[in-house]
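Chains as they are written, first to last, in this note's numbering: chain A, 102 to 725; chain B, 102 to 725.
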């Protein structure tokens, strides 16, 4: 196996920051356990599901090797492509022969399903062949093409093989010949192909793919992406040109994938109007439309962003794919700016709204991630609309690639995780290890060494949730030189030096803007980057929905395990009100119900770990 | 003009309670002003809108008298029928010649648009003729037929003329010949025809219409009402047989119209299984799914009921038609039982969630009635989907008919309103006047007189919001004999007697079940049957969304006017928190924002009167 970066810039001079390759980092901590689960369990169980529900068979049917008709959603080809991307990353770590065979066989089936002219979509075969490119709004042809391209580029980078890349290029060329200013006009109903085309441009150095990505971005707002009238143009983010957008609206994953593509285009073109739009949208997202878990897209109606401050907890939609999309976007925004605030968001999303989408055993998934529940919402092994499971897989199998980055100024340490990295900087090898139990502890010991003299900066992200931190290098305090949210340490790292970082991992109560109407008089509980929740199974007395937390009381910590994964439980003081007198009543005169309050310990677990044990009510925002 | 009842029972022995005719009561108080507005303004301005947007023209086009094509929603014929029902009631009071001419002309156009075989729907003419009865789920043919029948029955009862009734009967006969157990199977996607058919049965004494209503009720749950697959069967209340329903679900107006029809069928058949279903659904509605304003249907998605306790305030859908449907249903439930609790609901709905649908000038309408707003939600003079305006008109023009009712035991006084009624009971005339400024005051002076000896009960509804009341008859205290929520006074009313009723019209703070998550730590303010709200235009300091009411403070009352309509304002003590430090923040560590609190008077107006002055935020549930 070769090594692979998530993003490979063609011309790094245009970019401030570039990633290291995914397999340059071996992880062994909190996220390492998840990666291990991916490599040993998830990647195989997902393939089984793809075979079982007929998604793989669609390719065999399309190529005439099997009898039958297309099964699943119109975009189900993309599930296979996302899995292939994840499987390629997995091969980086394991080189597993059985997996490699599955990958090869799958690629062969895809290749055989491709038309001679390059067209490839198993839904649009046989009698539906004549409908190709007739409904870009809802039929996801360009979306599927985008995932094919992303998978192909990942596969090429990992294996060095052109098998899938040739297929993708053939299709991309057909698309480039079909669409454009003087060709067929159109824009994808579901963005995705934009970032894929930029990556293909990075891989092949062929400018036409970047041009096509730009074309698709600029074509939005002309009605080409929203020809299907059931949803309004806002759903497709087609109500105005991209550069005029002021607010995160419409289908959340569409909106976020569009932002990803636009950031990629900015990264390669430097178009500052694109970047100022992205900043405007990012500010709107984080100040008006994001859950405390980093989840986004609050509305079931159209899987969409709500209005400003519309953040209901039980009926939070917060699709796992939207969390992933935001994670990817914030990474690109970091690459564009070197600002730690974007990585802070990645961290928040990852540990809360993203990981909640996966069961700890690695086999079950949430599509929707509510912040309150009555015990009915459970993870499933697959979905008819199976976009989320392989999206989780490709994100977690590439996780090590997100941890570090580099620029002409030095090396960025973005994410903390027990790990060993073998990097290269200014043509010399850098070994960088982290010893930490993060996110359970805020103590991180980092050892950095180069073989030769090599003076450069290490940028350590100081998360925005940290009030004060300790830093020592080789046992000595050093000045806290902060740059864009990073602590900068300049040094000649020859021979090895020890950096000791300490974040206070204490529990905090969070409150929200008074316009988030459901959270008035309530608090969320955070410890470090983790949002906590109260789940029935840990809280036998009363109903967790009616718990009141004593924000002045002492909080105890307790080591515990859920499904063999270590967690830290919190035990806060509080009380609860009995609900019995409320039975069969919805409104009463104040004071007419006298509720007894009983003193209790409120047991809290990290939000990502909920719904892994017995069913019952769960709540994030507690009455104070 | 003859006189007309809203509901005319065929065989009153089956029923406990029957209404008096609408024009037996002249009203001159709070609701009298609304009726006057209906008769002088609304009924004419609505006709103008129906002409302007082409709804009347659809009939002329259908009959070939005019060139053009169908305009508006597929069910826009029903707007004309609802207007005709309202105009017929209006004729009872005014006999206005100009209005009578409009009514006659409109009926003539309808008649000419009817097919020879009786079919009548202006959408299904010309090229769409072949699509008749092909999509009962979404095309509203039976719904429109229902409104035609209701209008025809009302028109017949008011004018004694058969012009519209003949049209309706011809169509009803076609429907009866078309649908049934051994004919074409089907059930309406939108219930409505059920209550219309029962009323046609009452008017014509022809059993087949009752049978057809029963058929349509019983056919639900077989998939005949939900053949269109975009919405799920629950949307159409077609997911299970009516008698198995446990919960108010699906499209709110559909659900409520179905309950209305089912109650009518119960009233004529005595099928107790229907009634126990209705009671179960009613309990579910009022204990889990109703706003404090009586509004229902909390979800934009499908204009539908949400889950239990899903009652967001800003994003409350609470369609005006759903409030009207609930008003009508509660009336039928009262007729079935003699229980005051149903009339209490009528009162709550009427003064709050229903009247909020109409501007005080009688010319503008809400389709959606939120309980919180940022100043953007305003009434409009008409809607593309114009179901609500004429629905309000037919309800308010028949309002006097809802005030009294009778049974073998006596006369029910359901609703309080300055008025003079000339009733008949046990073959002798009864004059009954109310002198009151209700709902502003709780003092009601009722004079009852008969010319001859006539001993019977008067049942005075004691609203459930009344904690204690005073009652005197001819200046003397009488025992408080309560029966089903009514105070019973038995007397020989010859010569005239004075009943003086006094309700304490004080302000109360209401809290809601802790599972209504948005209302935790908040109170609503009620005075008598009226729900209050704080509107920006009366509250210049700060933002009403961030007001905190002092529930122990004194509350002042003040007479005021909005658009020349008298109201009583409330002035409560409270304070507000500045929002300036929250700018550009969504979540913060508790205590990191120090908000100054400023003492203020919080000015409150009745909810029905909001959005009649300058734009600005409004809130019903205030922080306490």
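C-beta: ideal position from N, C-alpha, C; glycine also.
What residue range is occupied by the uninterrupted alpha helix (DSSP H) comprising residue i?
i	result
residue 131 of chain A	131-138
residue 361 of chain B	353-370
residue 309 of chain B	308-320
residue 188 of chain B	178-195
residue 492 of chain B	489-498
residue 305 of chain B	294-305
Thinking C-beta only, is residue j closer than 8 angstroms to residue i?
i	j	result
residue 253 of chain B	residue 288 of chain B	no
residue 239 of chain A	residue 290 of chain A	yes
residue 613 of chain B	residue 688 of chain A	yes
residue 726 of chain B	residue 633 of chain B	What is shown of chain B runs 102 to 725, which leaves residue 726 of chain B out entirely.
residue 585 of chain B	residue 441 of chain B	yes
residue 231 of chain A	residue 439 of chain A	no
residue 694 of chain B	residue 675 of chain B	no
residue 341 of chain A	residue 322 of chain A	yes
residue 502 of chain A	residue 122 of chain A	yes
residue 564 of chain B	residue 605 of chain B	no
residue 424 of chain B	residue 458 of chain B	yes
residue 666 of chain B	residue 134 of chain B	yes
residue 120 of chain B	residue 128 of chain B	no
residue 336 of chain B	residue 407 of chain B	no
residue 151 of chain B	residue 184 of chain B	yes
residue 176 of chain A	residue 244 of chain A	yes
residue 531 of chain A	residue 594 of chain A	yes
residue 282 of chain B	residue 316 of chain B	yes
residue 258 of chain A	residue 365 of chain A	no
residue 471 of chain B	residue 385 of chain B	no
residue 469 of chain B	residue 611 of chain B	no
residue 144 of chain A	residue 188 of chain A	yes
What residue range is occupied by the uninterrupted beta strand (DSSP E) comprising residue i?
i	result
residue 340 of chain A	No beta strand (DSSP E) holds residue 340 of chain A; DSSP gives it neither H nor E.
residue 507 of chain A	505-508
residue 126 of chain A	126-128
residue 384 of chain B	Premise fails: residue 384 of chain B lies in the alpha helix (DSSP H), 373-389, not in any beta strand (DSSP E).
residue 553 of chain A	Run containing residue 553 of chain A: none; DSSP gives neither H nor E here.
Give me the residue from the options with the minimum Cα distance to residue i.
i	options	result
residue 246 of chain A	A:546, A:259, A:296, A:360	A:296
residue 106 of chain B	B:717, B:450, B:366, B:500	B:500
residue 381 of chain A	A:354, A:344, A:711, A:372	A:344
residue 650 of chain A	A:139, A:710, A:699	A:699
residue 493 of chain A	A:415, A:420, A:570	A:420
residue 621 of chain A	B:724, B:697, B:670	B:724
residue 661 of chain B	B:672, B:625, B:655	B:672
residue 529 of chain B	B:535, B:514, B:555	B:555
residue 383 of chain A	A:365, A:368, A:294, A:357	A:357
residue 523 of chain B	B:581, B:549, B:364	B:549
residue 347 of chain A	A:390, A:368, A:314, A:369	A:390
residue 138 of chain B	B:715, B:581, B:498, B:637	B:498
> Touch check for the segment 261-277 of chain A and the segment 301-316 of chain A: three-plus C-beta pairs under 8 angstroms?
Replying inline: yes
> Would the segment 480-495 of chain A and the segment 504-520 of chain A be scored as touching if the rule is three or more Cβ pairs under 8 angstroms?
Replying inline: no
> Does the count of Cβ pairs from the segment 208-216 of chain A and the segment 189-197 of chain A closer than 8 angstroms reach three?
Replying inline: no
> In chain order, which beta strand (DSSP E) runs of at least 3 residues are fully inside the segment 212-287 of chain A?
Replying inline: none
> Three or more beta-carbon pairs under 8 angstroms between the segment 476-484 of chain A and the segment 387-400 of chain A, yes or no?
Replying inline: no
> Is the number of C-beta pairs between the segment 549-560 of chain A and the segment 157-168 of chain A that are closer than 8 angstroms three or more?
Replying inline: no
> Where are the alpha helix (DSSP H) runs, 4 residues long or more, that stay fully inside the segment 137-176 of chain A, in chain order?
Replying inline: 144-153, 158-163
> Counting only runs that start and end within the segment 417-462 of chain A, where is the alpha helix (DSSP H) found for 4 or more residues in a row?
Replying inline: 421-438, 441-450
> Counting only runs that start and end within the segment 560-630 of chain A, where is the alpha helix (DSSP H) found for 4 or more residues in a row?
Replying inline: none
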